[in-house]
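Novice:
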Amino acid sequence: MAKLDVKIVDAPYNVVPTIVCKVADYTTSSSTQILAGEPVKLSGQGGNVVVKLATGDPEIGTDIVFGIAASDDTATATADGEVEVYAPLPGIIYRCKATTPANLAEGIRYDTVCFDLSAGGAYTVDEDEGTDEDVHGLRIVDFDATNGTVDFEIKINATRYGALIASN
Numbered sequence: 496m497a498k499l500d501v502k503i504v505d506a507p508y509n510v511v512p513t514i515v516c517k518v519a520d521y522t523t524s525s526s527t528q529i530l531a532g533e534p535v536k537l538s539g540q541g542g543n544v545v546v547k548l549a550t551g552d553p554e555i556g557t558d559i560v561f562g563i564a565a566s567d568d569t570a571t572a573t574a575d576g577e578v579e580v581y582a583p584l585p586g587i588i589y590r591c592k593a594t595t596p597a598n599l600a601e602g603i604r605y606d607t608v609c610f611d612l613s614a615g616g617a618y619t620v621d622e623d624e625g626t627d628e629d630v631h632g633l634r635i636v637d638f639d640a641t642n643g644t645v646d647f648e649i650k651i652n653a654t655r656y657g658a659l660i661a662s663n
């Protein structure tokens, strides 16, 4: 587990709103604590709790991103809890380490990709994945090859607000 894997680096809002989401106890959810800076999604269609994103998430039409945790969750092994989450609004730019920093070059700019979650619990943006506009929920908008980071946005159709957008 790694705290603050994902950070907000730019937002067109005075304040990025947060929402409080329910988290299932770790025994029921087979999960570990959600830490500030980790991306979360709805547990499933019709779900009523949030869970961490997995490797290969978010996928449009499969995952419903609720945002990036603004706090650590309060659940325990036996009790449900809550987590405060930054709403994934349009225009917010996030920063995260790249899966393979040596691959950071102009060819990845504007690619659509997903997260990678390492065995140690650290999130990275998987710029190796290859772009898939119809499936992948993150869009790379910039990168810093020196620091090995990727700036990205969460595509609106991968979020809880996606259903608010009319399709053509």
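So the number in my numbering is just where the residue sits in the sequence shown, counting from 1, plus 495. Just so it is clear, CB atoms sit at the ideal spot from N, CA and C, and this is done for glycine as well.
Can you pull the DSSP bridge partners for Lys502?
Specialist: In DSSP, Lys502 forms a bridge with Arg590.
Novice: In the DSSP output, which residue or residues are listed as bridge partners for Asn644?
Specialist: One detail in the question is off: residue 644 reads as Thr in this sequence, not Asn. Paired residue(s): Lys592, Asp639.
Novice: Suppose the cutoff is 6 Å on Cβ atoms and the five residues either side in sequence are ignored; what does the same chain contact list for Thr573 look like?
Specialist: So the list reads Asp520, once near-sequence residues are dropped.
Novice: At which residue ranges does the region 509-563 contain complete beta strand (DSSP E) runs of 3 or more residues, listed in the order of the chain?
Specialist: Runs of the beta strand (DSSP E) inside the region 509-563: 513-518, 534-537, 545-547.
Novice: Between which two residues does the beta strand (DSSP E) harbouring Leu584 extend?
Specialist: Careful: Leu584 lies outside any beta strand (DSSP E) and carries neither H nor E.
Novice: Is Glu601 helix, strand or coil when you go by DSSP?
Specialist: Note: Glu601 maps to helix in three-state DSSP.
Novice: Does the distance from the CB of Ala531 to the CB of Gly562 come in under 8 Å?
Specialist: No, these two residues do not count as a Cβ contact at 8 Å.
Novice: What does the alpha-carbon distance come out to for the pair Ser526 and Val580?
Specialist: Looking at the two C-alpha atoms, the distance is approximately 17 Å.
Novice: May I have the straight-line CA-CA distance separating Asp629 from Arg604, to the nearest angstrom?
Specialist: Cα to Cα, the separation comes out at about 17 Å.
Novice: Using a 10 Å radius around the Cβ and a threshold of 16 neighbouring Cβ atoms, would you call Val515 buried or exposed?
Specialist: Burial call: exposed.
Novice: In the DSSP assignment, find the beta strand (DSSP E) that holds Val630 and state where it starts and stops.
Specialist: Counting along the chain, Val630 falls outside any beta strand (DSSP E), and DSSP gives it neither H nor E.
Novice: Please name the residue in Val560, Glu554, Gly539, Thr595 whose C-alpha comes closest to that of Asn642.
Specialist: Minimum Cα distance to Asn642 is reached at Thr595.
Novice: With distances taken between CB atoms, is the gap from Ile606 to Ile649 smaller than 8 Å?
Specialist: What sits at residue 606 in the sequence shown is Asp, not Ile. Going by C-beta atoms, Asp606 is not nearer than 8 Å to Ile649.
Novice: Just the Cα atoms here: how many angstroms apart are Asp639 and Thr571?
Specialist: Approximately 37 Å between the Cα atoms of the pair.
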